[in-house]
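Asks:
Chains as they are written, first to last, in the working numbering: chain H, 358 to 764; chain C, 318 to 399.
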């Protein structure tokens with residue numbers, strides 16, 4: 358049975374939400390970014406700002422050079438997540454097969470439900486009007502036989518578009534389509550495929566599958582299918598609990614630093630966050646990975662696999678710092694990341710060792726306090742060090758800025 | 318830009334059909350009548366559910382927050398142009 362997949366992509370999502378919550382921004386170029394006091398990049402820009410060449414991921418300083426009159430709004434993830442939860446509640450009314458792909462994108466399998474709404478296109482129109490009516494936001498919709506083509510379709514007409522790709526149109530559409538237009542084919546892969554003489558989807562489909570597999574492994578087979586517009590990944594039902602392969606957090610520092618205290622306190626906070634997530638979702642992992650990116654963007658990724666599965670933030674931190682000690686940090690650090698992989702669902706086995714049992718009870722109590730009163734209500738002292746050091750830097754930076762203005 | 322205030326305020330709000338509609342708030346002994354509620358969102362901090370309201374009073378923009386557990390209203394932010 359041919360499936361009908363719908364892809365919803367919210368238009369300039371963060372910027373649109375900001376425009377709705379602040380009518381004084383209407384008609385102005387808007388950039389949503391991180392804290393402009395620190396170095397930061399553009400999260401998203403509205404369509405007016407995009408006309409100046411501003412793109413997501415661009416350093417804020419460069420974006421402001423392109424459009425000095427742009428309004429910079431500090432992103433508010435709470436606001437966007439709350440809006441996404443309203444959006445998903447709307448989408449749930451159209452099918453139980455709903456996959457929230459990212460904060461502003463979702464896939465819906467409407468194969469079994471489309472007739473209830475008058476057909477596939479009518480379902481798309483109804484979704485668009487409900488989103489407009491209830492959230493006052495616009496989205497672009499793509500309808501196609503699979504996720505790959507639905508994503509391609511939603512990107513075709515933006516903003517506020519609705520595009521349908523029918524099975525019989527696929528080969529004609531893909532014939533001259535550049536491979537980088539396909540979902541999942543980024544800059545690096547495009548370069549590698551271009552080196553093989555593959556530039557269009559048809560060329561990808563016609564290329565020897567054996568050669569693709571020998572070069573890219575299993576991905577080679579997937580690429581071959583993608584070239585033909587085939588994609589086997591199904592839309593996961595919303596009720597299905599996601600199985601995690603790893604859990605991690607990373608953080609770009611306020612400024613590059615060689616201060617090991619700063620690096621360690623940030624690392625402790627990240628380990629706390631990872632540990633909290635593991636315990637909340639009842640996971641334990643064996644492999645701890647540390648990521649350090651230096652000021653020259655050189656990135657070091659090192660991991661250590663433990664004998665036992667763990668979810669104690671302190672052990673994650675100890676492992677991460679022991680990995681760090683094997684690395685020569687001779688240049689300022691820009692980004693710190695930590696993740697735990699090799700995950701299993703936590704076994705509810707009671708420890709026979711008194712000390713371990715006490716530690717588990719302590720973690721349980723700490724988690725309960727943080728669940729009730731909010732994250733980091735109780736946290737190790739080392740985490741506070743990060744705040745103190747950041748505060749010092751922020752005060753120094755402000756006074757430097759003031760001095761600059763005076764001059 | 319939005320400037321953080323975080324001061325407790327007195328408020329009149331209507332609760333009906335699962336919706337909260339703030340009408341006016343009292344801040345620094347002055348009553349501000351709300352012309353329009355632009356946007357509502359919420360967040361959870363521990364067990365506390367906080368509702369945020371972006372509201373317009375005349376030519377000014379304010380952000381109000383309602384702490385549902387503490388039953389407390391705050392003027393969280395004020396929009397300053399520039």
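We put the CB at the ideal spot given by N, CA and C, even for glycine. The structure presented is a predicted model; accordingly, all values stated were derived computationally and were not measured.
1) Taking the runs of the beta strand (DSSP E) that are 3 residues or longer, which of them lie wholly in the stretch 500-580 of chain H?
2) Looking at chain C, is there any beta carbon in it that lies within less than 8 Å of the beta carbon of residue 381 of chain H?
3) Please report the residue range of the beta strand (DSSP E) in which residue 446 of chain H lies.
4) With C-beta atoms as the reference, is residue 673 of chain H less than 8 Å away from residue 632 of chain H?
5) Run through chain H and tell me which residues come within less than 9 Å of residue 363 of chain C, C-beta to C-beta.
6) Does residue 373 of chain C get closer than 8 Å to chain H when you measure Cβ to Cβ?
7) According to the neighbour-count rule (16 or more other Cβ atoms, all chains shown, within 10 Å of its Cβ), is residue 350 of chain C buried or exposed?
8) Could you check the C-alpha separation between residue 763 of chain H and residue 542 of chain H for me, to the nearest Å?
9) Say whether chain C places a C-beta atom closer than 8 Å to the C-beta of residue 373 of chain H.
10) Assign residue 620 of chain H to one of three DSSP states: helix, strand, or coil.
11) Quick check: the stretch 640-649 of chain H against the stretch 684-697 of chain H, are at least 3 beta-carbon pairs closer than 8 Å?
12) Kindly indicate which residue of C:329, C:376, C:383 has the alpha-carbon position closest to the one of residue 348 of chain C.
13) Could you work out which residues of chain H lie near residue 360 of chain C, taking near to mean beta carbons separated by less than 9 Å?
14) How long is the line joining the alpha carbons of residue 477 of chain H and residue 386 of chain H, rounded to whole angstroms?
15) Check distances from the C-beta atoms of the stretch 347-358 of chain C to those of chain H and list, in chain order, the residues that come in under 9 Å.
16) Which one or two residues does DSSP pair with residue 463 of chain H in a beta bridge?
17) Can you list, in chain order, the residues of its chain whose CB lies under 7 Å from that of residue 635 of chain H, leaving out five sequence neighbours each side?
18) Considering just the uninterrupted stretch of the beta strand (DSSP E) at residue 393 of chain C, what are its terminal residues?
19) Take every Cβ of the stretch 599-617 of chain H, pair it with every Cβ of the stretch 578-585 of chain H, and state whether three or more of those distances are shorter than 8 Å.
20) Under 8 Å Cβ-Cβ, which residues of chain H neighbour residue 391 of chain C?
21) Alpha carbon to alpha carbon, what distance is there between residue 495 of chain H and residue 368 of chain H?
22) How do the stretch 606-625 of chain H and the stretch 715-734 of chain H stand: do at least 3 beta-carbon pairs fall below 8 Å, yes or no?
23) Let me make sure I understand the geometry here. Which of C:364, C:394, C:377 has the alpha-carbon closest to that of residue 727 of chain H?
24) State the Cα-Cα distance for the pair residue 653 of chain H and residue 501 of chain H, rounded to the nearest angstrom.
25) So with Cβ pairs under 8 Å, would you call residue 378 of chain C a contact of chain H?
26) Would you call the stretch 358-375 of chain H and the stretch 470-487 of chain H in contact, with 3 or more CB pairs under 8 Å?
27) Residue 703 of chain H: which of H:546, H:665, H:723, H:410 sits nearest, CA to CA?
28) If residue 413 of chain H and residue 399 of chain H are in contact, beta carbons under 8 Å, what's the gap, nearest whole angstrom?
29) Looking at residue 435 of chain H and residue 341 of chain C, is the spacing between their C-beta atoms short of 8 Å?
30) Please work out which residues of its chain come closer than 8 Å, Cβ to Cβ, to residue 337 of chain C, disregarding the five sequence neighbours upstream and downstream, and give them in chain order.
31) Would you please state the rounded distance, in angstroms, between the beta carbons of residue 343 of chain C and residue 326 of chain C? I believe it to be under 8 Å.
32) Look up residue 630 of chain H in the DSSP assignment and say whether it is helix, strand or coil.
Replies: Looking at the coordinates:
1) Assignment of beta strand (DSSP E) within the stretch 500-580 of chain H, counting only whole runs of 3 or more residues, yields 519-521 in chain order.
2) Indexing the first chain from 1 puts residue 381 of chain H at position 24. The beta carbon of residue 381 of chain H falls within 8 Å of a beta carbon belonging to chain C, placing the residue at that interface.
3) Taking the first chain and counting its residues from 1, the one referred to as residue 446 of chain H is at position 89. Segment 434-448 is the alpha helix (DSSP H) holding residue 446 of chain H; no beta strand (DSSP E) there.
4) What you label residue 673 of chain H is simply residue 316 of the first chain in a count that begins at 1. What you label residue 632 of chain H is simply residue 275 of the first chain in a count that begins at 1. A contact, by the Cβ cut-off of 8 Å.
5) Locating residue 363 of chain C in the second chain gives position 46, counting from the first residue. The CB of residue 363 of chain C comes closer than 9 Å to the CB of 726, 727, 728, 729, 730, 731, 732, 734 in chain H, given here in chain order.
6) Mapped onto the second chain, residue 373 of chain C falls at position 56. Yes - at least one Cβ of chain H is within 8 Å of the one on residue 373 of chain C.
7) Position 33 of the second chain, counted from the first residue, corresponds to residue 350 of chain C. Per the 10 Å Cβ criterion, exposed.
8) Here residue 763 of chain H is taken as the residue at index 406 of the first chain, counted from 1. Here residue 542 of chain H is taken as the residue at index 185 of the first chain, counted from 1. Residue placement at residue 763 of chain H is flagged as unreliable, the pLDDT there being 40, under the threshold of 50; the coordinate-derived value follows with that caveat. The straight-line gap from Cα to Cα measures roughly 50 Å.
9) As a working mapping, residue 373 of chain H is identified with position 16 in the first chain. Residue 373 of chain H does not count as touching chain C.
10) Residue 620 of chain H sits at position 263 when you count from the first residue of the first chain. When DSSP states are grouped into helix, strand and coil, residue 620 of chain H belongs to the helix group.
11) Using a Cβ-Cβ distance cut-off of 8 Å, the stretch 684-697 of chain H and the stretch 640-649 of chain H are in contact, since at least three pairs of beta carbons, one from each stretch, lie closer than that value.
12) The residue labelled residue 348 of chain C in the question sits at position 31 within the second chain. From the listed residues C:329, C:376, C:383, the smallest Cα separation to residue 348 of chain C is found for C:329.
13) Against the second chain, residue 360 of chain C aligns to sequence position 43. Against chain H, a Cβ distance below 9 Å from residue 360 of chain C picks out 435, 436, 438, 439.
14) What you label residue 477 of chain H is simply residue 120 of the first chain in a count that begins at 1. What you label residue 386 of chain H is simply residue 29 of the first chain in a count that begins at 1. In this structure, the straight-line span from the alpha carbon of residue 477 of chain H to that of residue 386 of chain H is close to 35 Å.
15) Going along the stretch 347-358 of chain C in chain order, one finds 353, 355, 356, 357, 358 with a Cβ nearer than 9 Å to chain H.
16) Walking along the first chain from the start, residue 463 of chain H turns up at place 106. Answer by DSSP bridge pairing, in chain order: H:365, H:457.
17) Mapped onto the first chain, residue 635 of chain H falls at position 278. Answer for residue 635 of chain H: 604, 641, 642, 668, 697, listed in chain order.
18) Here residue 393 of chain C is taken as the residue at index 76 of the second chain, counted from 1. First-last of the beta strand (DSSP E) with residue 393 of chain C: 389-396.
19) Judged by Cβ distances under 8 Å, the stretch 599-617 of chain H makes no contact with the stretch 578-585 of chain H, as fewer than three pairs qualify.
20) As a working mapping, residue 391 of chain C is identified with position 74 in the second chain. Those within 8 Å of residue 391 of chain C in chain H number zero; the least Cβ separation is about 15 Å.
21) Residue 368 of chain H sits at position 11 when you count from the first residue of the first chain. Residue 495 of chain H sits at position 138 when you count from the first residue of the first chain. Each residue's alpha carbon lies about 6 Å from the other.
22) The stretch 606-625 of chain H, when compared against the stretch 715-734 of chain H, does not touch it at the 8 Å Cβ threshold.
23) Counting from 1 along the first chain, the entry for residue 727 of chain H is found at position 370. The candidate whose alpha carbon is nearest that of residue 727 of chain H is C:364.
24) For the purposes of this step, residue 653 of chain H is taken as the residue at position 296 of the first chain. For the purposes of this step, residue 501 of chain H is taken as the residue at position 144 of the first chain. Taking the straight line joining both Cα atoms gives about 43 Å.
25) For the purposes of this step, residue 378 of chain C is taken as the residue at position 61 of the second chain. Under the Cβ criterion of 8 Å, residue 378 of chain C is counted among the residues facing chain H.
26) Touching, yes.
27) By one-based count along the first chain, residue 703 of chain H stands at place 346. Checking every option, the nearest Cα to that of residue 703 of chain H belongs to H:665.
28) Here residue 413 of chain H refers to the residue found at position 56 of the first chain. Here residue 399 of chain H refers to the residue found at position 42 of the first chain. Going by Cβ atoms, the distance from residue 413 of chain H to residue 399 of chain H rounds to 6 Å, so yes, they are a contact pair.
29) Indexing the second chain from 1 puts residue 341 of chain C at position 24. Indexing the first chain from 1 puts residue 435 of chain H at position 78. For residue 341 of chain C and residue 435 of chain H, no; Cβs fall outside 8 Å.
30) Taking the first residue of the second chain as position 1, residue 337 of chain C is located at position 20. If the five residues before and after residue 337 of chain C are omitted, its C-beta is found closer than 8 Å to the C-beta atoms of 330, 331, 357, 368, 370, 383, all from its own chain and listed in chain order.
31) Looking up residue 343 of chain C in the second chain gives position 26. Looking up residue 326 of chain C in the second chain gives position 9. 6 Å between Cβ atoms; contact.
32) Mapped onto the first chain, residue 630 of chain H falls at position 273. Looking at residue 630 of chain H - three-state DSSP - the assignment turns out to be helix.
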